[in-house]
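Below is one structure, written out as structure tokens; comments come after it.
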Amino acid sequence: MLRETVADLFAAAVRSAQAAGDLPAFDPPAVEVQRPRSAEHGDFATNVAMQLARPARLAPLRIAEAVARHVAAADFVGAVTVAPPGFINLTLADAWLAGQVDAVRAAGAGFADVDLGGGRSLQVEFVSANPTGPLHVGGARNAAIGDTLARVLEACGWRVQREYYLNDAGSQMAKFGASVYARYCQALGRDVPLPEDGYPGAYIADYAARIHTAAGDRFLDVEPDVAARELGRQAVAAVVDDLEAVLGRIRCRFDTWFSEQSLYDSGAFERVMRDLRAQGVTFERDGAEWLATSRFGGDRDEVLVRSSGQPGYYASDVAYHHDKFVVRGFDRVVDVWAVDHQNQARRMPFLMRALGLDPERLSIVLYDLVKVVEGGAEVKMSKRRGTFIALEDVLEAIDADAVRFMMLTRSNEQVIELDLDLARQQSNDNPVYYVQYGHARICSILRVAAERGLGDFDGGDVARLRHPAELALVRQMLRLSDVLEKVAADLAPHHLPHYAQELARAFHLFYHDCQVVDPAEPDLSRARLKLVDAARIALARVLDLMGMHAPEQM
RNA sequence: GCCCUCGUAGCUCAGAGGAUAGAGCGCCGGCCUCCGGAGCCGGGUGCGCAGGUUCGAGUCCUGCCGAGGGUACCA
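Just so we're aligned, residue 1 is where the first sequence starts under our numbering, counting upward by one.
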């Protein structure tokens, strides 16, 4: 926001310099504004003079000086300077910065909101792990990414719906049902072997036992195929209950749990197929029905209906995304998938075009795997093999906020290595506590202030805030909007925890340098209490956007 | 084989084509008669290798090396 204002200011300065004859006339390029790494270089910098050197045929430094002279006065502009090889640096005005403390407090819970979505609808579909067993830690990464993106996109003005796609159709489901059926029968003394390619995990027996408790042994008399299907259905319902519970523990909630099977039951799939056939983008080959994705940019065609008559997995993707965009009419959809779906992700744009939809409306967030190490060896995770680390078990050892922070801090493309032994040992070192401690410390200061007769500081005059540490803290708070824009634009939530640490650091530094509550200096105290209160708002906002608690005490 | 991602400090990781590449952990040494020491300060020649593009490359391109993932009428 502020960044754009600064860019506009520089762009106007370029035009003004041209109008005054200080620069030759030419079409100026878009002005790029960056945040300098070093504080000596001010709050914002532009390289526009370097970019102009060629068209203007002048030395960058000369151009920079000319543009800098034409930067209009504004309340937020403190100083405009020029530095070799041609940077124009802008420093925010101290008085304006101090004034932002009141602005932050006025904004309250909506602080740093930035309207990019304009109220348009957006669906974030995430987790969507197969409902055939407990959620493993990789699912926690998906959950942290998806939920945080949903929160950030809401803060960015999108009307967000959160969805979990239940893969409750197809062959995996049949194997799951057969596995539950086998365990159910075994528990009741019948020797029904686990299917060859069934699920070997011990939890299958738990679900069988739960169904037995609820429904008794009546499925023993039901024809096995029918019983397996029904037990599968009931087990999925139980799994979903468990998923909802464990996801709730890491503060993820879903608006809808969308059943894949419903696409077939409702006839939605057949309707989409009819549309595609009518458009002539399907064809028969080798007894299967294909979608001619190669006509839409794909390097191959995709099977919709297998020669067996069963729909392939691509069929579900087609029908499901048709439902999202055409039936339900989302303006945008963000799907959060693990990197092992990279091929599927690559094909999505072709699917969109085949449906007559703009591929830009669909974003796929691919994140890399969570590699779990325990006892010095990697634990290969596979539900089908029955070996995996359940999120639930991790949460026994590590606090939910710490788990989220860990999952969020790495960029999506990084493999996360989770050493369980190390994590258990070091969970108190998790940086989330540094951020939360800042928040708790502020709350403590506010309590002390009230005890010492400074509980009402609304009349404090922020103009008294001039200390470098005070202004540095304000500067950090004001960055949050930029961070949100960045997270939303790149669908990269990892910027948030990094920013949170910097914000907390700015607060701790300020706290170290400046006495907040000082009855001998009531006016200064009231001004600083306002600043501290604003910092509380900012810290609470960041923590909430990451789905973490902002404790008043620790 | 082909495709995708990654390779930055002892370890785990940030880094919006710009200025002197940062943080956490670990290690060493300091800091409160005062609002929470889960804090603060100091201690460091690390961008896998080789070319290229650019006024400027950790960042973009090519090749190589190393790690992971993907390459079905499986989901």
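Don't be surprised by glycine CBs; every beta carbon is placed ideally from N, CA and C. These figures come from a predicted structure and were not determined experimentally.
| Check | Outcome |
| --- | --- |
| Can Leu599 and Ala292 be called in contact, C-beta distance under 8 Å? | Missing from the structure shown is residue 599; the chain here goes from 1 to 554 and no further. |
| For the alpha helix (DSSP H) containing Ser316, list its first residue and its last residue. | 313-322 |
| From which residue to which residue does the alpha helix (DSSP H) around Arg183 run? | 171-187 |
| Hey, is the stretch 339-359 in contact with the stretch 121-140, meaning 3+ C-beta pairs nearer than 8 Å? | no |
| Comparing C-alpha positions only, which one of Glu223, Ser179, Asp221, Pro195 sits nearest to Ala209? | Ser179 |
| Taking all protein chains shown into account, decide if Phe405 is buried (16 or more other Cβ within 10 angstroms of its Cβ) or exposed. | buried |
| With a Cβ-Cβ cutoff of 8 Å, do Lys371 and Val415 count as a contact? | yes |
| If you count every other CB in all the chains shown that lies within 10 Å of the CB of Arg541, and 16 or more means buried, which is it? | buried |
| Under the three-state reduction of DSSP, which class applies to Asp255: helix, strand or coil? | coil |
| Are the CB atoms of Ala169 and Gln261 within a distance shorter than 8 Å? | yes |
| Measure the Cβ-Cβ separation of Ala150 and Val160 and say whether it is below 8 Å. | yes |
| Quick check on the burial criterion: 16 or more other C-beta atoms within 10 angstroms. Buried or exposed for Pro85? | exposed |
| For the stretch 372-447, list the beta strand (DSSP E) runs that are entirely contained and at least 3 residues long, ordered along the chain. | 377-379, 416-419 |
| Could you tell me whether the Cβ atoms of Gly110 and Val127 are closer together than 8 Å? | no |
| Given Ile442, which residues of its chain have a CB within under 8 Å of its CB, disregarding the five upstream and five downstream residues? | Phe507, Val532, Asp533, Ala535, Arg536, Leu539 |
| Tell me whether Asp331 sits in a helix, a strand or coil according to DSSP, three-state version. | coil |
| Report yes if the C-beta distance between Arg15 and Pro29 is below 8 Å; otherwise report no. | no |
| Return the CA-CA distance between Ser294 and Gln426, expressed in angstroms with no decimal places. | 51 Å |
| When the Cα of Ala64 is compared with those of Gly99, Gln501, Met50, which residue comes out closest? | Met50 |
| Return the chain-ordered ranges of every alpha helix (DSSP H) run that is complete within the stretch 237-314 and spans a minimum of 4 residues. | 260-265, 268-278 |
| In chain order, what residues of the same chain have a beta carbon less than 6 Å from the beta carbon of Cys252, not counting five sequence neighbours either side? | Ala143, Asp147 |
| Going by DSSP, what residue range makes up the beta strand (DSSP E) through Phe219? | First-last for Phe219: undefined, no H or E at that position. |
| May I have the straight-line CA-CA distance separating Val48 from Glu40, to the nearest angstrom? | 19 Å |
| Does the beta-carbon distance from Leu480 to Tyr511 come in below 8 Å? | no |
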